[in-house]
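Asker:
Protein chains: 2
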Amino acid sequence: MSETQTTDVPTRADELFCYGIYTTSHAVSRAYAQYLKRLGLTYPQYITLTLLWEKDRQKVNTLAKVLRMETSTMTPLVKRLEGMGLVCREPSLNDRRVVEVVLTDHGRALQAQAPAITGCMIEQTGMTQSELQDLQHLLFKLRDGLLEP
Amino acid sequence: MSETQTTDVPTRADELFCYGIYTTSHAVSRAYAQYLKRLGLTYPQYITLTLLWEKDRQKVNTLAKVLRMETSTMTPLVKRLEGMGLVCREPSLNDRRVVEVVLTDHGRALQAQAPAITGCMIEQTGMTQSELQDLQHLLFKLRDGLLEP
DNA sequence: TCATTTTGTATCGTGCGCGATATAATCTCA
DNA sequence: TGAGATTATATCGCGCACGATACAAAATGA
Numbered sequence: 001m002s003e004t005q006t007t008d009v010p011t012r013a014d015e016l017f018c019y020g021i022y023t024t025s026h027a028v029s030r031a032y033a034q035y036l037k038r039l040g041l042t043y044p045q046y047i048t049l050t051l052l053w054e055k056d057r058q059k060v061n062t063l064a065k066v067l068r069m070e071t072s073t074m075t076p077l078v079k080r081l082e083g084m085g086l087v088c089r090e091p092s093l094n095d096r097r098v099v100e101v102v103l104t105d106h107g108r109a110l111q112a113q114a115p116a117i118t119g120c121m122i123e124q125t126g127m128t129q130s131e132l133q134d135l136q137h138l139l140f141k142l143r144d145g146l147l148e149p
Numbered sequence: 001m002s003e004t005q006t007t008d009v010p011t012r013a014d015e016l017f018c019y020g021i022y023t024t025s026h027a028v029s030r031a032y033a034q035y036l037k038r039l040g041l042t043y044p045q046y047i048t049l050t051l052l053w054e055k056d057r058q059k060v061n062t063l064a065k066v067l068r069m070e071t072s073t074m075t076p077l078v079k080r081l082e083g084m085g086l087v088c089r090e091p092s093l094n095d096r097r098v099v100e101v102v103l104t105d106h107g108r109a110l111q112a113q114a115p116a117i118t119g120c121m122i123e124q125t126g127m128t129q130s131e132l133q134d135l136q137h138l139l140f141k142l143r144d145g146l147l148e149p
């Protein structure tokens, strides 16, 4: 065992976690899109709605933080959801800078479609509940370890 | 245990693997970007170069397939790499439809920077080699399970 | 041979995603 | 109170990402 070995690092793409995340992220997005196009939703729009179904009336800032994206991405996304009549953007009464995102009846009604989609997706993975839980745990550990230094 | 329980499905965002993948993918992209901006590279450009460092002279089609993206995304990405002088696009002699992507000396020289970046990224995750391998294995299992039905 | 189909790239329109920047509202604290 | 800092959202330019479409080259097969 040489001294250099301790600092050796993967070179091949399939050993780099960026490659695993990048390609899997594309595959998941595409798989979801096949169900979401019937609802007229994109994958990022669907994930944003999922957050609102879980807790209605959230700030643009909060939604962006939870999804690890910038508000400069979330603002136009929310405006498109508003254009589709799925959410309303309400300026906060307490703090006039804040825009609260609130589901419309139509937006809330779409929640009824979610379990079927989730079920199809989980089945399509061919993975066990336990494997998916392990994956999620490792993903969160990676994500939360990468906070800016 | 009721009959409905067997068909019950996660509802909360942090139980959905799409949420884990989506947010982690953003976090990884941002973490890499912090190193790549010095090289003038984007994260997708860097991953594409990684494939070429491993095996030079690949078809646009192959690169796109390996990264699970469409050629309509890869074509302009490769053209930007060409504009930076990192690759050449050479029409194949055997099949005049095919464009082969070949590293320039400058493109190949950038490979020297990769190990340091990979090392920093791995260290930053705070995860063990074994955890990262488990993660990669689960990611590939998920990705390859989601092939279009 | 030659009409038909398939394959490989390219182009276009729309939406996502980021950093830089702008602007207004709020906060801080002298 | 009021000057300066901070915060929340919005805007802009560029690159990524996809599906739809176009088109030329190659493969197929009557």
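Chains as they are written, first to last, in the UniProt record's numbering: chain A, 1 to 149; chain B, 1 to 149. In this text, a Cβ means the ideal position worked out from N, Cα and C, and glycines have one as well.
For His-106(B), does the count of other Cβ atoms within 10 angstroms reach 16, so buried, or fall short, so exposed?
Answerer: Position 106 of the second sequence, counting from 1, holds the residue named residue 106(B). With fewer than 16 other Cβ atoms within 10 Å, it is exposed.
Asker: Does any CB atom of chain B fall closer than 7 Å to the CB of Met-69(A)?
Answerer: Reading the first sequence from its first residue, position 69 is the one you call residue 69(A). Chain B contact via Cβ: present.
Asker: At what residue ranges does the UniProt domain "HTH marR-type" (14–144) of chain B contain a whole run of the beta strand (DSSP E), taking only runs of 3 or more?
Answerer: Here the runs fully enclosed are 87–91 and 99–103.
Asker: Do Lys-59(A) and Glu-100(A) have their CB atoms nearer than 7 Å?
Answerer: Counted from its first residue, the first sequence places residue 59(A) at position 59. Counted from its first residue, the first sequence places residue 100(A) at position 100. For Lys-59(A) and Glu-100(A), yes; Cβs fall inside 7 Å.
Asker: Taking Cβ positions, are Val-28(B) and Cys-18(A) nearer each other than 7 Å?
Answerer: For the purposes of this step, residue 28(B) is taken as the residue at position 28 of the second sequence. For the purposes of this step, residue 18(A) is taken as the residue at position 18 of the first sequence. Yes, Cβ-Cβ distance for Val-28(B) and Cys-18(A) is below 7 Å.
Asker: Smallest Cα separation from Met-127(B): which of Met-121(A), Cys-120(A), Ala-114(A) and Lys-141(A)?
Answerer: By one-based count along the second sequence, residue 127(B) stands at place 127. Here the closest residue by C-alpha is Lys-141(A).
Asker: Residues of the region 132–148 of chain B with a CB closer than 7 Å to any CB of chain A: list them in chain order, please.
Answerer: Listed by position, the residues of the region 132–148 of chain B near chain A (Cβ gap below 7 Å) are Leu-132, Asp-134, Leu-135, Gln-136, Leu-138, Leu-139, Phe-140, Lys-141, Leu-142, Arg-143, Gly-145 and Leu-146.
Asker: What is the C-beta distance between Ala-31(B) and Leu-146(A), in whole angstroms, given that I count them as a contact (C-beta under 8 Å)?
Answerer: If you number the second sequence from 1, residue 31(B) lands on position 31. If you number the first sequence from 1, residue 146(A) lands on position 146. Their Cβ separation, rounded to whole angstroms, is 4 Å, which keeps Ala-31(B) and Leu-146(A) in contact under 8 Å.
Asker: Can the beta-carbon of Cys-120(B) be found less than 7 Å from the beta-carbon of Val-102(B)?
Answerer: What you label residue 120(B) is simply residue 120 of the second sequence in a count that begins at 1. What you label residue 102(B) is simply residue 102 of the second sequence in a count that begins at 1. No, these two residues do not count as a Cβ contact at 7 Å.
Asker: Between Cys-88(A) and chain B, is there a C-beta pair that is closer than 7 Å?
Answerer: Taking the first sequence and counting its residues from 1, the one referred to as residue 88(A) is at position 88. So no, Cys-88(A) is outside the interface.
Asker: Under 8 Å Cβ to Cβ from Arg-143(B), same chain only, skipping five residues before and after it: list those, please.
Answerer: Position 143 of the second sequence holds residue 143(B). These residues qualify, in order along the chain: Arg-68.
Asker: Measuring CA to CA, which of Thr-50(A), Ala-112(A), Leu-51(A) and Pro-44(A) is closest to Thr-73(A)?
Answerer: Taking the first residue of the first sequence as position 1, residue 73(A) is located at position 73. When only C-alpha atoms are compared, the closest one is Pro-44(A).
Asker: Leaving aside the five residues before and after Ser-92(B) along the sequence, list all residues of the same chain whose C-beta is less than 8 Å from its C-beta, in chain order.
Answerer: By one-based count along the second sequence, residue 92(B) stands at place 92. Excluding sequence neighbours, Ser-92(B) sits near Lys-59, Val-98, Val-99 and Glu-100.
Asker: Is His-58(B) close to chain A, meaning its C-beta is less than 7 Å from at least one C-beta of that chain?
Answerer: Mapped onto the second sequence, residue 58(B) falls at position 58. Reading the sequence as shown, one finds Gln at residue 58(B) and not His. Chain A, which has no Cβ nearer than 7 Å to the Cβ of Gln-58(B), makes this no.
Asker: I believe Ile-21(B) touches Ser-130(A) by the beta-carbon criterion, under 8 Å. Please report the beta-carbon distance rounded to the nearest angstrom.
Answerer: Here the question's residue 21(B) lines up with position 21 in the second sequence. Here the question's residue 130(A) lines up with position 130 in the first sequence. Wrong, their Cβ atoms sit about 18 Å apart, outside the cutoff.
Asker: Between His-137(A) and Leu-16(B), what straight-line distance do the alpha-carbon atoms span, to the nearest angstrom?
Answerer: Taking the first residue of the first sequence as position 1, residue 137(A) is located at position 137. Taking the first residue of the second sequence as position 1, residue 16(B) is located at position 16. Computed Cα separation, rounded: 11 Å.
Asker: So, is the C-beta of Gln-113(B) closer than 7 Å to a C-beta in chain A?
Answerer: Within the second sequence, the letter at position 113 stands for residue 113(B). No, no contact with chain A.
Asker: Shorter than 7 Å from the beta carbon of Ile-117(B) to some beta carbon of chain A?
Answerer: As a working mapping, residue 117(B) is identified with position 117 in the second sequence. It does not; no Cβ of chain A falls within 7 Å.
Asker: Quick one: is Pro-10(A) buried, meaning 16 or more other Cβ sit within 10 Å of its Cβ, or exposed?
Answerer: For the purposes of this step, residue 10(A) is identified with residue 10 of the first sequence, where counting begins at 1. That one is buried.
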